[in-house]
Amino acid sequence: MTPAVVHIASGREWRGGQRQVWLLASELARRGIDQVVITGKGSELAQRLETARVPVCPVSWQLSLDPRVLPAVTTKLRVHRSLLHAHDAHALVLAGIAARLTGSRLVATRRVVFPLKRSGFWRRADHIIAVSNAVRDVLIAAGVPRARITVISDAVHLSPDDSGLDVRKRLNLPPEAQLALNLGALTPEKAQSTLVHAAALLVRDLPSLYWVVVGKGPMRRTLEREIAGNGLE
5 MTPAVVHIAS GREWRGGQRQ VWLLASELAR RGIDQVVITG KGSELAQRLE TARVPVCPVS
65 WQLSLDPRVL PAVTTKLRVH RSLLHAHDAH ALVLAGIAAR LTGSRLVATR RVVFPLKRSG
125 FWRRADHIIA VSNAVRDVLI AAGVPRARIT VISDAVHLSP DDSGLDVRKR LNLPPEAQLA
185 LNLGALTPEK AQSTLVHAAA LLVRDLPSLY WVVVGKGPMR RTLEREIAGN GLE
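The sequence shown lines up with residues 5 to 237 when you count with the working numbering.
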(Lines of atoms letter the chains of each structure in order from A and count residues from 1; the text may use other names and numbers.)
(Lines give C-alpha, C1' and ligand atoms only; values in the text may rest on other atoms or scores of the structure.)
Protein backbone atom coordinates (compact mmCIF):
# COMPACT_ATOMS: atom_id res chain seq x y z
CA MET A 1 0.00 0.00 0.00
CA THR A 2 1.34 3.44 -0.91
CA PRO A 3 2.20 5.34 2.29
CA ALA A 4 0.26 8.56 2.87
CA VAL A 5 1.89 11.96 3.36
CA VAL A 6 0.61 14.67 5.69
CA HIS A 7 2.06 18.05 4.70
CA ILE A 8 2.10 20.99 7.11
CA ALA A 9 2.71 24.47 5.68
CA SER A 10 2.14 27.57 7.78
CA GLY A 11 2.54 30.15 5.02
CA ARG A 12 -0.14 32.80 5.14
CA GLU A 13 1.50 34.57 2.21
CA TRP A 14 2.16 33.46 -1.36
CA ARG A 15 5.89 33.27 -2.02
CA GLY A 16 8.39 30.73 -3.26
CA GLY A 17 8.00 28.32 -0.35
CA GLN A 18 4.25 28.08 -0.76
CA ARG A 19 4.62 27.65 -4.51
CA GLN A 20 6.95 24.69 -3.88
CA VAL A 21 4.38 23.04 -1.61
CA TRP A 22 1.75 23.52 -4.32
CA LEU A 23 4.01 22.08 -7.03
CA LEU A 24 5.04 19.09 -4.91
CA ALA A 25 1.52 18.22 -3.76
CA SER A 26 0.13 18.67 -7.27
CA GLU A 27 2.70 16.28 -8.71
CA LEU A 28 2.17 13.72 -5.93
CA ALA A 29 -1.56 13.91 -6.65
CA ARG A 30 -0.88 13.29 -10.34
CA ARG A 31 1.05 10.18 -9.33
CA GLY A 32 -1.80 8.94 -7.16
CA ILE A 33 -0.10 9.43 -3.78
CA ASP A 34 -2.53 9.52 -0.86
CA GLN A 35 -1.90 12.84 0.91
CA VAL A 36 -3.38 15.88 2.64
CA VAL A 37 -2.04 19.41 3.11
CA ILE A 38 -2.74 21.15 6.42
CA THR A 39 -2.47 24.92 6.00
CA GLY A 40 -4.13 28.21 6.88
CA LYS A 41 -7.81 28.61 6.14
CA GLY A 42 -8.46 31.04 3.27
CA SER A 43 -4.79 31.23 2.28
CA GLU A 44 -3.65 31.46 -1.33
CA LEU A 45 -1.99 28.07 -0.93
CA ALA A 46 -5.22 26.44 0.27
CA GLN A 47 -7.16 27.94 -2.62
CA ARG A 48 -4.65 26.84 -5.26
CA LEU A 49 -4.47 23.31 -3.84
CA GLU A 50 -8.25 23.04 -3.90
CA THR A 51 -8.25 24.19 -7.53
CA ALA A 52 -5.65 21.50 -8.27
CA ARG A 53 -7.91 18.97 -6.50
CA VAL A 54 -5.33 18.21 -3.84
CA PRO A 55 -6.88 17.21 -0.48
CA VAL A 56 -6.61 20.18 1.90
CA CYS A 57 -7.36 20.50 5.60
CA PRO A 58 -7.75 24.27 6.18
CA VAL A 59 -7.29 25.34 9.81
CA SER A 60 -7.37 28.61 11.74
CA TRP A 61 -3.66 29.54 11.76
CA GLN A 62 -3.23 33.09 13.04
CA LEU A 63 -0.21 32.75 15.32
CA SER A 64 3.15 31.50 14.10
CA LEU A 65 2.88 28.52 16.46
CA ASP A 66 -0.87 28.23 16.62
CA PRO A 67 -1.90 25.36 18.97
CA ARG A 68 -5.20 24.98 17.09
CA VAL A 69 -3.25 23.27 14.30
CA LEU A 70 -2.23 20.28 16.42
CA PRO A 71 -5.63 18.53 16.67
CA ALA A 72 -5.96 18.59 12.89
CA VAL A 73 -2.47 17.09 12.47
CA THR A 74 -2.87 14.33 15.05
CA THR A 75 -6.31 13.40 13.69
CA LYS A 76 -4.94 13.00 10.18
CA LEU A 77 -2.01 10.98 11.47
CA ARG A 78 -4.33 8.63 13.35
CA VAL A 79 -6.22 8.10 10.11
CA HIS A 80 -3.23 7.67 7.83
CA ARG A 81 -0.33 6.60 10.12
CA SER A 82 1.73 8.37 7.53
CA LEU A 83 4.83 10.36 6.81
CA LEU A 84 4.72 13.88 8.23
CA HIS A 85 6.32 16.58 6.03
CA ALA A 86 6.92 20.04 7.55
CA HIS A 87 7.58 22.77 4.99
CA ASP A 88 8.81 25.65 7.18
CA ALA A 89 10.21 26.34 10.64
CA HIS A 90 6.88 27.14 12.31
CA ALA A 91 5.27 24.07 10.78
CA LEU A 92 8.22 21.97 11.97
CA VAL A 93 7.67 22.79 15.65
CA LEU A 94 4.04 21.71 15.46
CA ALA A 95 4.91 18.71 13.29
CA GLY A 96 7.65 17.71 15.72
CA ILE A 97 5.19 17.69 18.62
CA ALA A 98 2.66 15.72 16.57
CA ALA A 99 5.33 13.21 15.52
CA ARG A 100 6.23 12.57 19.15
CA LEU A 101 2.59 12.15 20.14
CA THR A 102 1.82 9.68 17.35
CA GLY A 103 5.16 8.00 16.67
CA SER A 104 5.08 9.15 13.04
CA ARG A 105 8.19 9.66 10.95
CA LEU A 106 9.09 13.28 10.27
CA VAL A 107 10.62 14.92 7.21
CA ALA A 108 11.30 18.65 7.00
CA THR A 109 12.24 20.96 4.14
CA ARG A 110 14.65 23.85 4.72
CA ARG A 111 14.64 26.63 2.12
CA VAL A 112 16.62 29.48 3.70
CA VAL A 113 20.28 29.98 4.61
CA PHE A 114 19.71 31.83 7.88
CA PRO A 115 21.56 30.25 10.83
CA LEU A 116 19.28 28.09 12.96
CA LYS A 117 18.17 29.89 16.15
CA ARG A 118 16.90 26.63 17.63
CA SER A 119 18.14 23.40 16.11
CA GLY A 120 16.27 20.92 18.30
CA PHE A 121 13.48 19.84 15.97
CA TRP A 122 15.77 20.03 12.93
CA ARG A 123 18.20 17.64 14.61
CA ARG A 124 15.36 15.33 15.68
CA ALA A 125 13.75 15.07 12.23
CA ASP A 126 14.19 11.70 10.55
CA HIS A 127 15.36 13.40 7.37
CA ILE A 128 15.72 16.94 6.00
CA ILE A 129 15.46 18.19 2.43
CA ALA A 130 17.75 21.17 1.74
CA VAL A 131 17.10 23.19 -1.41
CA SER A 132 20.80 23.94 -1.98
CA ASN A 133 24.30 23.00 -0.83
CA ALA A 134 24.46 26.29 1.09
CA VAL A 135 21.33 25.36 3.06
CA ARG A 136 22.78 21.90 3.72
CA ASP A 137 25.97 23.46 5.11
CA VAL A 138 23.96 25.65 7.52
CA LEU A 139 22.17 22.54 8.80
CA ILE A 140 25.43 20.64 9.26
CA ALA A 141 26.91 23.59 11.16
CA ALA A 142 23.90 23.43 13.49
CA GLY A 143 24.57 19.79 14.31
CA VAL A 144 22.37 17.93 11.82
CA PRO A 145 24.20 14.80 10.59
CA ARG A 146 25.12 15.02 6.91
CA ALA A 147 23.68 11.53 6.32
CA ARG A 148 20.20 12.80 7.23
CA ILE A 149 20.22 15.63 4.69
CA THR A 150 19.35 15.35 0.99
CA VAL A 151 19.76 18.29 -1.40
CA ILE A 152 16.78 18.66 -3.77
CA SER A 153 16.60 21.88 -5.76
CA ASP A 154 13.34 23.78 -6.04
CA ALA A 155 11.05 22.87 -8.93
CA VAL A 156 9.94 25.07 -11.82
CA HIS A 157 6.60 24.61 -13.55
CA LEU A 158 7.26 24.57 -17.30
CA SER A 159 3.77 24.05 -18.68
CA PRO A 160 3.34 25.62 -22.13
CA ASP A 161 0.20 27.26 -20.74
CA ASP A 162 2.41 29.34 -18.43
CA SER A 163 4.22 31.24 -21.19
CA GLY A 164 3.00 34.42 -19.49
CA LEU A 165 3.09 37.99 -20.68
CA ASP A 166 5.49 39.51 -23.20
CA VAL A 167 7.77 41.54 -20.93
CA ARG A 168 9.26 43.58 -23.78
CA LYS A 169 5.82 44.52 -25.10
CA ARG A 170 4.49 45.28 -21.62
CA LEU A 171 7.41 47.67 -20.93
CA ASN A 172 7.44 49.21 -24.43
CA LEU A 173 10.92 47.87 -25.16
CA PRO A 174 12.31 46.96 -28.60
CA PRO A 175 11.59 43.31 -29.55
CA GLU A 176 15.33 42.64 -29.78
CA ALA A 177 16.14 44.19 -26.37
CA GLN A 178 18.37 42.16 -24.06
CA LEU A 179 16.72 41.47 -20.71
CA ALA A 180 18.03 40.45 -17.30
CA LEU A 181 15.13 39.52 -15.01
CA ASN A 182 15.15 39.10 -11.26
CA LEU A 183 12.13 37.52 -9.56
CA GLY A 184 11.78 37.48 -5.79
CA ALA A 185 10.40 39.21 -2.74
CA LEU A 186 11.91 42.65 -2.19
CA THR A 187 13.39 41.80 1.20
CA PRO A 188 16.91 42.35 2.58
CA GLU A 189 18.05 38.73 2.30
CA LYS A 190 17.28 38.70 -1.44
CA ALA A 191 19.95 41.41 -1.90
CA GLN A 192 18.60 43.10 -5.00
CA SER A 193 20.96 45.97 -4.10
CA THR A 194 23.79 43.75 -5.36
CA LEU A 195 21.95 43.48 -8.67
CA VAL A 196 21.68 47.29 -8.88
CA HIS A 197 25.41 47.67 -8.26
CA ALA A 198 26.11 45.08 -10.96
CA ALA A 199 23.87 46.95 -13.39
CA ALA A 200 25.78 50.18 -12.68
CA LEU A 201 29.01 48.44 -13.72
CA LEU A 202 27.63 46.62 -16.74
CA VAL A 203 25.85 49.60 -18.24
CA ARG A 204 29.20 50.83 -19.61
CA ASP A 205 29.76 47.68 -21.66
CA LEU A 206 26.13 46.69 -22.28
CA PRO A 207 24.15 49.91 -22.72
CA SER A 208 21.29 48.06 -24.45
CA LEU A 209 20.76 45.61 -21.57
CA TYR A 210 17.54 46.20 -19.62
CA TRP A 211 17.11 45.02 -16.04
CA VAL A 212 13.67 44.04 -14.77
CA VAL A 213 13.04 43.43 -11.06
CA VAL A 214 9.78 41.59 -10.34
CA GLY A 215 8.46 41.40 -6.80
CA LYS A 216 7.07 43.32 -3.88
CA GLY A 217 8.17 43.96 -0.34
CA PRO A 218 9.60 46.47 2.15
CA MET A 219 12.80 47.13 0.16
CA ARG A 220 11.01 48.65 -2.82
CA ARG A 221 11.55 52.32 -1.94
CA THR A 222 15.19 51.71 -1.05
CA LEU A 223 15.81 49.96 -4.36
CA GLU A 224 14.06 52.73 -6.29
CA ARG A 225 16.36 55.28 -4.63
CA GLU A 226 19.45 53.20 -5.46
CA ILE A 227 18.35 52.81 -9.06
CA ALA A 228 17.75 56.55 -9.38
CA GLY A 229 21.03 57.35 -7.62
CA ASN A 230 22.93 55.31 -10.20
CA GLY A 231 21.04 56.85 -13.12
CA LEU A 232 19.59 53.47 -14.09
CA GLU A 233 15.90 54.29 -14.46
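By construction, the Cβ of each residue, glycine as well, lies at the ideal position given by its N, Cα and C atoms.
With 16 as the cutoff for other CB atoms within 10 Å, does residue i come out buried or exposed?
{"i": "F118", "result": "exposed"}
{"i": "L206", "result": "exposed"}
{"i": "H11", "result": "buried"}
{"i": "H94", "result": "buried"}
{"i": "D209", "result": "exposed"}
{"i": "S14", "result": "buried"}
{"i": "R150", "result": "exposed"}
{"i": "V160", "result": "exposed"}
{"i": "Q24", "result": "buried"}
Could you give the distance in angstroms between the alpha-carbon of residue i and the alpha-carbon of residue j?
{"i": "I132", "j": "A232", "result": "43 angstroms"}
{"i": "W26", "j": "A90", "result": "13 angstroms"}
{"i": "G36", "j": "T79", "result": "22 angstroms"}
{"i": "L49", "j": "L213", "result": "35 angstroms"}
{"i": "G229", "j": "T191", "result": "The sequence as given places Arg at residue 229; Gly does not occur at that position. Their backbone Cα atoms lie some 15 angstroms apart in a straight line."}
{"i": "R127", "j": "A181", "result": "49 angstroms"}
{"i": "H86", "j": "V218", "result": "Per the sequence presented here, residue 86 reads as Ser, with His not at that position. Rounded to the nearest angstrom, the two C-alpha atoms are 39 angstroms apart."}
Between which two residues does the alpha helix (DSSP H) containing residue i stretch?
{"i": "I153", "result": "No alpha helix (DSSP H) holds I153; the beta strand (DSSP E) holding it covers I153 to V155."}
{"i": "N137", "result": "N137 to A145"}
{"i": "G44", "result": "Element bounds for G44: not the alpha helix (DSSP H) but the beta strand (DSSP E), Q39 to G44."}
Go to residue i, then tell me how far its beta strand (DSSP E) extends in each direction, as first and last residue.
{"i": "R114", "result": "L110 to R114"}
{"i": "V148", "result": "No beta strand (DSSP E) contains V148, which DSSP labels as neither H nor E."}
{"i": "L88", "result": "L87 to A90"}
Could you check whether the Cβ of residue i sits closer than 8 angstroms to any Cβ belonging to chain D?
{"i": "E180", "result": "Although the question refers to chain D, the structure presented lacks it and comprises just one protein chain."}
Examine the Cβ distances between the region 63 to 82 and the region 38 to 47 and report whether three or more of them are shorter than 8 angstroms. With the rule of 3 Cβ pairs closer than 8 angstroms, the region 63 to 82 counts as touching the region 38 to 47.
Alpha helix (DSSP H) runs wholly inside the region 180 to 212, at least 4 long, in chain order: For the region 180 to 212, the continuous alpha helix (DSSP H) assignments of 4+ residues that do not extend past its boundaries occur at 196 to 206, in sequence order.
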